[in-house]
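In the numbering used here, the protein residues as written are 20 to 324. Have a look at the structure below before the remarks.
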Ligand code: 6CS
Ligand code: FE
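Next comes the structure, spelled out in structure tokens:
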């Protein structure tokens, strides 16, 4: 294992949970050095997320959707530990590390439309911490209970600070009715420590239904009271970028309409993983990469920023 961890500025997984103020900036760069203008950066700084209604065109969405279909029906992939099934019924819930197993999703992760925005917000070169497809099939797929990604990535992966962000790209229409992402705007500025020790090999259950690492009802009610809850909808091709410490979740999907999104998580090269802060062992690298190689942008034909 690596050397001693830096001081833990975000205590969590305790007998009694407590909140801590965010100590690092949300937007790291001097404003304006990238595709986002100062209004967009100010909105991201305030809310913790931004929605781009049509970042990818229909042909690109079709390419990504077809690749997701291919992975989801590939027997070897379904037998792989990267494939995570729903807590009940056995339907496929997520496939992790798609940027490593699929050249198509490796392309997406290196797309300048994502990469330049990530670099601008995080103010540095970035590497990929995690990628996944969340299938959210219809007819009863389970949601994702409220959580901060950073709380888990800090506690279980050793991510020092919330200098990371996720892009969620809609591969199907994200409607009000099929379990869209819900984010509490402004919640990214408060670190909500959670109660309960991290169980051994926690990922085997948490990726299916997370309990440890979720906020108390009172903490959640307090954030919702202060900031409200935003529902993130958008047509296939829309993209949402959200800060690693946003409090977010999504409801079950009991409609016939799948909510299938691909997530790419960028972490700053200045924030690479150390040892887990609240877990006896590291999680597997398909969930928390330790390949700290900066992502190099790929050229793509019809960029439209
Ligand atoms: O534990 C994780 O890394 C995963 N869990 C959730 C609920 N969101 C982020 C990530 O996919
Ligand atoms: Fe999450």
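Cβ atoms here follow ideal geometry from the backbone N, Cα and C, with glycine treated the same way.
| Asked | Found |
| --- | --- |
| Beta-carbon contacts of residue 114 that lie in its chain and below 6 Å, excluding the five residues immediately before and after | 90, 101, 102 and 152 |
| Backbone secondary structure at residue 241 - three-state DSSP | helix |
| Residue 139, enclosing alpha helix (DSSP H) - first and last residue | 131 to 141 |
| Cβ-based neighbour list, residue 20, same chain, cut-off 7 Å, excluding 5 preceding and 5 following | Confidence at residue 20 is low in this model, with a pLDDT of 47, below 50, so its placement is unreliable and no value can be given for it. |
| Proximal residues to residue 52 (C-beta, below 7 Å), its chain only, five neighbours per side dropped | 139 |
| Cβ-Cβ separation, residue 210 to residue 41 (assumed contact under 8 Å), whole Å | 6 Å |
| Whole-Å CB distance - residue 287 paired with residue 145, under 8 Å assumed | 6 Å |
| Contacts around residue 252, its chain only, beta-carbon distance under 7 Å, and the 5 residues preceding and following it disregarded | 193, 194, 195 and 199 |
| Classification of residue 280 by the beta-carbon crowding that lies within 10 angstroms, buried from 16 upward | buried |
| Closest Cα partner of residue 276 within the set 159, 173 and 257 | 159 |
| With 16 other Cβ atoms within 10 Å as the buried cut-off, status of residue 240 | exposed |
| Sequence-distant residues of the same chain with beta carbon closer than 6 Å to residue 216, five excluded per side | 32 |
| Cβ-Cβ distance between residue 173 and residue 67 below 8 Å | no |
| Helix, strand or coil at residue 35 [DSSP, three-state] | coil |
| Identity of the residue in 43, 229 and 219 nearest residue 180 by Cα | 43 |
| Helix, strand or coil at residue 165 according to DSSP, with G and I counted as helix | strand |
| Where residue 321 falls, given that 16 or more other Cβ within 10 Å makes a residue buried | With a pLDDT of 48 at residue 321, under the threshold of 50, the modelled position of that residue is not reliable, and the figure given next carries that caveat. Under this definition residue 321 is an exposed residue. |
| Residue-level contact to chain B via CB, residue 205, 8 Å cutoff | Absent from the structure: chain B. Only one protein chain is present. |
| Residue 170 versus residue 232 - alpha carbon distance | 7 Å |
| Selected residue, minimal CA-CA separation from residue 74, among 132, 29 and 300 | 132 |
| Spatially closest choice to residue 235 from 197, 259, 129 and 34, by CA coordinates | 34 |
| Nonlocal neighbours in the same chain, by C-beta distance under 7 Å from residue 17, ignoring five residues either side | The first residue shown for the chain is 20 and the last is 324, placing residue 17 beyond what the model contains. |
| Complete runs of the alpha helix (DSSP H) confined to the region 57 to 130 [at least 4 residues] | 57 to 66, 77 to 91, 94 to 97, 117 to 120 and 122 to 128 |
| Beta-carbon gap between residue 36 and residue 297 smaller than 8 Å | no |
| Residue 73 beta carbon near the ligand FE (any heavy atom closer than 7 Å) | no |
| Between the CA atoms of residue 227 and residue 219 - distance to the nearest angstrom | 15 Å |
| Beta carbon of residue 202 nearer than 8 Å to that of residue 249 | yes |
| Residues near residue 27 by beta carbon distance below 6 Å, same chain, minus five either side | 296 |
| Selection from 23, 168 and 126 that minimises the alpha carbon distance to residue 317 | 126 |
| Opposing strand residues paired with residue 40 [DSSP bridges] | 209 |
| Three-state class that DSSP yields for residue 259 in the structure shown | strand |
| Neighbourhood of residue 39 by C-beta distance below 8 Å, restricted to the same chain and skipping five residues each side | 28, 29, 30, 209, 210 and 212 |
| heavy atom of the ligand FE below 7 Å from residue 271 C-beta | no |
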